[in-house]
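K.L.:
Structure below; questions to follow.
Number of protein chains: 2
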Amino acid sequence: MDFCCTPLFEGVVGREAADDMAATFAALGDPARLRIVSMLAAAPDGSACGCDLEGPLGLAQPTVSHHLKILREAGLIEGERRGRWVHYSIVPERLEDLRAALATSVSV
Amino acid sequence: MDFCCTPLFEGVVGREAADDMAATFAALGDPARLRIVSMLAAAPDGSACGCDLEGPLGLAQPTVSHHLKILREAGLIEGERRGRWVHYSIVPERLEDLRAALATSVSV
DNA sequence: GCCATGAATCGATGAACTTCGATACATTGA
DNA sequence: TCAATGTATCGAAGTTCATCGATTCATGGC
């Protein structure tokens, strides 16, 4: 009889968890947003305001604000208002979660 | 004079590198593809053929083939033909690369 | 060679995303 | 209170993406 391979389980990642994790990975799945995270990580004090991102990114202010919102909703960064400016910084725990997720996919 | 924060560098990730890395993260930025990776990781022998993925995913065969292609082009999985079937398995090195990239964003 | 079956490709459709100008909101300084 | 400036939202245009039916390709068994 025809037989391919052992039937698969649902995998280690459930349906709802997959939705949540995929949204987080998707947040990093854009060059502009990846560079924002990179720039925040490389910033001297670990944070930067939106106005300093437009130049290096070469994007208009609404576009940068849009990307920052997506990263914020993904929990990858957080913003703190200081006067006129909003300083954004990385949320290390969230990135660590992603690293852990990739590790479980690797190790078994 | 008005001053916000220290001017930013380009970040640790360059423009071309950002494009490449973003494409890889984007490959994981879809629930179906994330579950495929998860299922391959959870498979007893570490591999599975496409026909076994359609059922658990609840997607049509062309759609699964489409997602497998994207994961393959991202270097996250590889397929090996065994007779009628193609067995897909994870490329651990590629996932390790992503983990390393996230680590550099965290630590510095 | 012919049929069965798994996999890949093609074409179409509808949704989601990126981008930006225009605009509104928030805060500071005068 | 008013002007200036950084930020967020809105609306629109163009592109990309996910999905699937229909079709084609590839392999194995008869």
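Protein sequence lines, in the order shown, are assigned to chains Y and R. First residue of the first sequence: 1, per my numbering; consecutive thereafter. First residue of the second sequence: 1001, per my numbering; consecutive thereafter. Just so you know, even glycine gets a beta-carbon here, dropped at the ideal spot from N, CA and C. All figures in this text were calculated on a predicted structure; none of them were measured in a lab.
Let me know the secondary structure DSSP gives R1081(R) once reduced to three states.
P.N.:
strand
K.L.:
If contact is defined by three or more beta carbon pairs under 8 angstroms, each pair taking one atom from either stretch, is the stretch 52–60 of chain Y in contact with the stretch 1056–1068 of chain R?
P.N.:
no
K.L.:
DSSP on C1043(R), reduced to helix/strand/coil?
P.N.:
One point to set straight first is that residue 1043(R) is Ala, not Cys, in the sequence displayed. If DSSP states are grouped into helix, strand and coil, A1043(R) belongs with coil.
K.L.:
How would you list, in chain order, the residues of chain R whose beta-carbon sits under 8 angstroms from the beta-carbon of A74(Y)?
P.N.:
Within chain R, no residue comes near A74(Y); the closest Cβ sits about 10 angstroms away, beyond 8 angstroms.
K.L.:
Apart from the five residues on each side of it in sequence, which residues of its chain come closer than 7 angstroms, Cβ to Cβ, to V13(Y)?
P.N.:
The beta carbon of V13(Y) sits closer than 7 angstroms to those of M21, all from its chain and outside the five residues before and after it, given in chain order.
K.L.:
Counting only Cβ pairs nearer than 7 angstroms, list the residues of chain R close to V13(Y).
P.N.:
L1034, R1035 and S1038
K.L.:
Three Cβ pairs or more, each shorter than 8 angstroms: is that satisfied between the stretch 17–32 of chain Y and the stretch 66–83 of chain Y?
P.N.:
yes
K.L.:
Among the candidates L40(Y), A32(Y) and R15(Y), whose CA atom is the shortest distance from the CA of T1104(R)?
P.N.:
L40(Y)
K.L.:
Based on the DSSP secondary-structure assignment, which residues constitute the bridge partners of I90(Y)?
P.N.:
I77(Y)
K.L.:
Figure out for me which residue from H1087(R), A1018(R) and E1016(R) has the closest Cα to the Cα of V1037(R).
P.N.:
Each of H1087(R), A1018(R) and E1016(R) was checked against the Cα of V1037(R), and the nearest Cα belongs to H1087(R).
K.L.:
How big is the Cα-Cα spacing for A17(Y) and R1081(R)?
P.N.:
31 angstroms
K.L.:
Does DSSP put A1027(R) in a helix, in a strand, or in coil?
P.N.:
helix
K.L.:
Could you list the residues in the stretch 22–33 of chain Y with a C-beta less than 9 angstroms from some C-beta on chain R, going in chain order?
P.N.:
A22, A23, T24, F25, A26, A27, L28, G29, D30, P31, A32 and R33
K.L.:
Alpha carbon to alpha carbon, what distance is there between A74(Y) and L95(Y)?
P.N.:
11 angstroms
K.L.:
Skipping 5 residues on each side, what residues in its chain have a beta carbon closer than 6 angstroms to that of L71(Y)?
P.N.:
A27, R33 and I77
K.L.:
Are any of the Cβ atoms in chain R nearer than 8 angstroms to that of I77(Y)?
P.N.:
no
K.L.:
Since A60(Y) meets chain R, which of its residues come closer than 8 angstroms, beta carbon to beta carbon?
P.N.:
What A60(Y) touches in chain R: nothing, since even the nearest Cβ is about 17 angstroms away.
K.L.:
Among all the DSSP beta bridges, which residues are the ones paired with A48(Y)?
P.N.:
Y88(Y)
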